[in-house]
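The block underneath contains the structure these notes are about, expressed in structure tokens.
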Amino acid sequence: MEQIEDRCELYVDGRWVEPVSSASLPVVDPATEMILAAAPDAHAADVDAAVRAARSAFDNGDWPRLPVSERLEVLAPLAERYDDVIDEFAALITTEMGSPITFSQMAQAAAPAHMLRTLLGIADEHPWEERRPTSFGGTTVVRRLPVGVVAAITPWNVPQVVIVAKVVPALIAGCTVVLKPAPETPFDAYRFVELLEGLGLPDGVVNLVPGGPDTGRALVSHPGVDKVAFTGSTGAGREIASMCAPRFVRTSLELGGKSAAIVLDDADPVRTAVGLRFASFLNSGQACAAQTRVLVPRDRRTEFIDALAAEVESIVVGEPSDPATEVGPLVSLRQRDRVLSYLSIGAAEGARAIVGGPGRPDGAERGWYVRPTLFDSVDNGMRIAQEEIFGPVVCVIDYETLDDAVALANESVFGLAGSVWTSDRDRGLAVAGRIRTGTLGINHYGADFASPFGGFKASGLGREYGPEGLDEFVEFQSVGLLP
Ligand code: NAD
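Listed below in structure tokens is the structure:
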């Protein structure tokens, strides 16, 4: 287990400073239920100081006015610095929030490093200023100007992925940033800010104010903020959108999901089940894009369900630091209880847990573990099929015709992700085109950092990654020139 020390300071205006109060929030190890360390619960006055610093750096400082190429030169060494601490980030995030270490090495640490390089590469080619001929013979100069002071508010489940996806494009675009990480995972955010220190960013360009939802609310409602880049629950996203609307503060919102894996009648049951073992249960099911509704053709349901049940039965539940572990503890007592409550709700609704169900996994005396659970006899209208559970719980729903499968996949308030499982890739692509979600995979699920990621419907607004992710941090300005 990674040793973690208390953090007592905030990063404001290029310095580590004492918060106005001694209020702090403990981080509890999900595997042992012991307190690991604490970090400040920043007060509205701390948020005010951080936003003022970011505002001043934006309005009066050099950073937004540098050519993009110079900003990229300042940021380039970050990629190497990040590579040097991949193992440290993996161990730290596993300790903070219980992500299985093998998953952390890949998705919590190597993936953000890869994203960082991808974004820096895309930014180098991005059309920051274009000249377009007009119909009357003149020219319009189309500029991408930085949107301003960005409030970056992030969740605990993939903390570095989300921090890099917001802070790096914002800095590339010339914005200044106030980062508020989730109270469950403040420590990796501190390490990230330490990596940024010494790069030569002017004071006030990056600020860190850890804390809970009230710290986030103080940030969102601060008049000095131009844009809120938020990832988290749909409920919090709705509240943030309504707080931002009166002032037309820009928002990008990456929210929840209830993604469907559509298994076509020509799919191989074993290959599909092996793929879903990862795509549905990754990060112990605490993944916004987890494939949590598996739609199977009724006339082959037994084959698919048997193959899936065999995979879920054999998922290794254990200590998050053990490389063999596939499902670790959930992040918090609250999250564990929430998932257990959905197991009861499912049973009361008439669904049948054919694998897992309530109770602790064998051998887990301590820690917020739940058993990987597969529900059969699920109707798409049930709460367990409509609400985001955010744990290792998957519903199997059967369908009669392909049109029914498409309708079931789309009968959701969410629209984040999905997948199609088939032996015919073109057929899979055609089905994917009928699904109202932002990303899909054929015979797998995975996000690509060079392509847009985000949600339809209640899964959010805007996109991250790729050139589209850079454009979330710009305002377009068109300047007309006469012939
Ligand atoms: P959460 O909404 O409880 O909290 C997210 C962040 O927002 C935290 O930093 C929290 O302190 C802060 N916050 C909460 N309420 C706020 C408010 N009213 N105003 C300002 N800040 C507020 O979410 P969580 O439990 O940390 O994360 C899990 C959720 O995140 C899931 O719903 C998951 O689907 C979603 N998520 C989405 C994506 C995506 O890209 N779409 C990625 C990861 C996680």
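All residue numbers for the sequence shown refer to the working numbering, where the first residue is 2 and numbers rise by one.
Every residue, glycine too, gets a C-beta built ideally from N, C-alpha and C.
Since the structure is predicted, the reported quantities are computational estimates derived from the model, not experimental observations.
Measuring C-alpha to C-alpha distances from residue 236 to each of 267, 415, 473 and 165 identifies 415 as the nearest. Spanning the alpha carbons of residue 154 and residue 309 requires a straight line of approximately 36 Å. Around the beta carbon of residue 239, fewer than 16 other beta carbons lie within 10 angstroms, which makes this residue exposed.
By the criterion of a C-beta distance shorter than 7 Å, residue 57 is surrounded in its chain by 205, once the five residues flanking it on both sides are discounted. Separation of residue 412 and residue 292 (C-alpha to C-alpha, rounded to the nearest whole angstrom) is 15 Å.
Straight through space, the alpha carbons of residue 160 and residue 186 are spaced by roughly 7 Å.
In terms of side-chain proximity, the C-beta atom of residue 158 is found nearer than 7 Å to a non-hydrogen atom of the ligand NAD. Boundaries of the alpha helix (DSSP H) harbouring residue 94: 87 to 98, taken from the DSSP string.
With a cut-off of 7 Å, the C-beta of residue 255 is classified as near the ligand NAD, since at least one heavy atom of the ligand falls inside that distance. DSSP places residue 390 in the coil class of the three-state scheme, outside both helix and strand. DSSP, read as helix, strand or coil, puts residue 281 in helix. By alpha-carbon distance to residue 478, the top candidate from 268, 147 and 456 is 147. Within the region 298 to 346, the runs of alpha helix (DSSP H) at least 4 residues long that lie entirely inside it are, in chain order, 302 to 314. Contact between residue 419 and residue 441 holds: CB atoms are separated by about 4 Å, below the 8 Å threshold. Residue 261 sits in a strand when the DSSP states are folded into three classes. A distance below 7 Å between beta-carbons, with the five flanking residues on each side excluded, links residue 321 to the following residues of its chain, in chain order: 32, 95, 99, 100, 101, 102, 329 and 330. The beta carbon of residue 163 sits closer than 8 Å to the beta carbons of 155, 156, 232 and 255 from its chain, once the five residues preceding and following it are set aside; these are given in chain order. For residue 232, the three-state secondary structure derived from DSSP is strand. A distance criterion of 7 Å places the beta-carbon of residue 470 beyond contact range of the ligand NAD, judged by its closest non-hydrogen atom. Residue 5 and residue 409 have their C-alpha atoms spaced approximately 45 Å apart.
Remark: the shortest separation between the CB of residue 460 and any heavy atom of the ligand NAD falls under 7 Å. With fewer than 16 other CB atoms across the displayed protein chains lying within 10 angstroms of its CB, residue 36 is exposed. Distances taken from the Cβ of residue 163 to the heavy atoms of the ligand NAD include one shorter than 7 Å. Taking the Cα positions, residue 51 is about 25 Å away from residue 78. In the structure shown, the three-state DSSP call for residue 126 is helix. The beta-carbon distance between residue 400 and residue 298, rounded to whole angstroms, is 6 Å. This is short enough to meet the 8 Å contact definition. The three-state reading of DSSP puts residue 4 in coil, since its state is none of H, G, I, E or B. By DSSP's assignment, residue 19 forms no beta bridge with any residue. With a cut-off of 8 Å on Cβ pairs, the region 462 to 471 is in contact with the region 170 to 177, counting three or more such pairs. DSSP, reduced to helix, strand and coil, places residue 435 outside both helices and strands of the structure shown, so it counts as coil. Counting along the chain, the unbroken alpha helix (DSSP H) around residue 411 starts and ends at 403 to 411. Proximity of the beta carbon of residue 417 to the ligand NAD is indicated: a heavy atom of the ligand is located closer than 7 Å. One alpha carbon belongs to residue 446, the other to residue 259, and they sit about 14 Å apart. Between the ligand NAD and the CB of residue 154, the shortest heavy atom gap is smaller than 7 Å.
Distances from the CA of residue 459 to each of 300, 158, 389 and 449 were compared; the closest alpha carbon is that of 389.
Going by beta carbons, residue 421 and residue 396 fall outside the 8 Å limit.
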